[in-house]
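Trainee: Dropping the structure in here first, questions after.
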Amino acid sequence: MDDISSKDYVIIDNFFREELYSGIKSFFLGKLPNFKEAGIGAHSDFQVDAKVRGDFTYWLDRKRDVQLQNYWDVLDETILIFNRYCYLSLSGYEFHLAHYPSGGHYDKHLDQFENRNNRMISMIVYLNDDWKDGDGGELEIFEKNGTSFLVQPIGARCVMFKSAVVPHAVLKAHKSRFSLTGWLLYQPSSVGTLFV
Ligand SMILES: O=C(O)CCC(=O)C(=O)O
Ligand SMILES: [Fe+2]
């Protein structure tokens, strides 16, 4: 929490215990046939542009995806911690599973949309069991001082950052890259309307 206040981001390894990790991973693999090509922007701005991003996503729904109950519990706890220690007023979230096939990437961007700024915290947990140097797919985080650094998408690693101020990119993956990515919102996502 101190890191996200001072540096705008935080990286936490082993964010999920083993059992939760494998539950989420098998849920992910089961849903793979239902993933859709991801777009950029919200509302009418929504567009699919493979030049900008090359991932496929599956939006989660707490009521429908009850197999993820333990994950929803972790999320509730995370939101409570942010509200208590960082004085945020988070009251909702939106999450999707993401699959970058080999060759997939995401150009440098911010996670807040121009016409919808309720995304406060971006939260990514990687689901890649044996990611190695050379597999690509690193998350590049751009810091305030103009430098950037790379984060390997290794299993159970969680990256959180302030959605409005931390530019980031996903470098080209050289094999399938899996993640659970979402945003903690200061209003429920229905206010800004979801896209699929
Ligand atoms: O998967 C990642 O490392 C980042 C994904 C991302 O930037 C996004 O979905 O907005
Ligand atoms: Fe992003």
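Letter 30 of the sequence shown, counting from 1, is numbered 30 in the UniProt record's numbering, and no numbers are missing.
Positions of the beta carbon are idealized from the N, C-alpha and C atoms, including for glycine.
Owing to the predicted nature of the structure, the values given are computational and were not obtained by experimental measurement.
Give me the Cα-Cα distance between residue 6 and residue 109, rounded to the nearest whole angstrom.
Mentor: Each residue's Cα considered, the two are about 21 angstroms apart.
Trainee: Should residue 122 be counted as a contact of ligand 2 given a C-beta to heavy atom distance under 7 angstroms?
Mentor: Under cutoff, so the answer is yes.
Trainee: For residue 177, which beta-bridge partners are listed by DSSP?
Mentor: Residue 177 is bridged to 100.
Trainee: With DSSP as the reference, identify every bridge partner of residue 116, one or two as the case may be.
Mentor: Answer is 113, bridged to residue 116.
Trainee: What residue ranges within the region 20 to 95 form continuous beta strand (DSSP E) runs of no fewer than 3 residues, ordered along the chain?
Mentor: Within the region 20 to 95, the complete beta strand (DSSP E) runs of at least 3 residues are 56 to 59.
Trainee: Can you confirm whether the region 11 to 20 touches the region 83 to 102 when touching is taken to mean that 3 or more C-beta pairs between the two stretches lie within less than 8 angstroms?
Mentor: Touching, no, given that fewer than three Cβ pairs across the two stretches are closer than 8 angstroms.
Trainee: With a CB to CB cut of under 8 angstroms and the five nearest residues on each side skipped, what residues in its chain are close to residue 138?
Mentor: 150, 151, 152, 153, 170 and 171, listed in sequence order.
Trainee: Compute every distance between the C-beta of residue 179 and the non-hydrogen atoms of ligand 1, then say whether any falls below 7 angstroms.
Mentor: Correct: residue 179 has its Cβ closer than 7 angstroms to ligand 1.
Trainee: Closer than 7 angstroms by C-beta to residue 128: which residues in its own chain qualify, once you throw out the five before and the five after it? Chain order, please.
Mentor: The residues are 153, 154, 155, 177 and 178.
Trainee: I'd like to confirm the pairing. Which residues does DSSP put opposite residue 122 in its beta bridges?
Mentor: Paired residues: 161 and 183.
Trainee: Ignore the nearest five residues each way along the sequence and tell me which others in residue 54's own chain have a CB closer than 6 angstroms to its CB.
Mentor: So the qualifying residues of the chain are 104 and 105.
Trainee: Please classify residue 140: does DSSP put it in a helix, a strand, or coil?
Mentor: Of the three classes helix, strand and coil, the one that applies to residue 140 here is strand, per DSSP.
Trainee: Taking the alpha-carbon positions, what's the residue 201 to residue 140 distance?
Mentor: The shown model of the chain, from 1 to 196, leaves out residue 201, and the question about it has no answer.
Trainee: Buried or exposed: where does residue 162 fall if 16 or more other Cβ atoms within 10 Å of its Cβ makes it buried?
Mentor: That one is buried.
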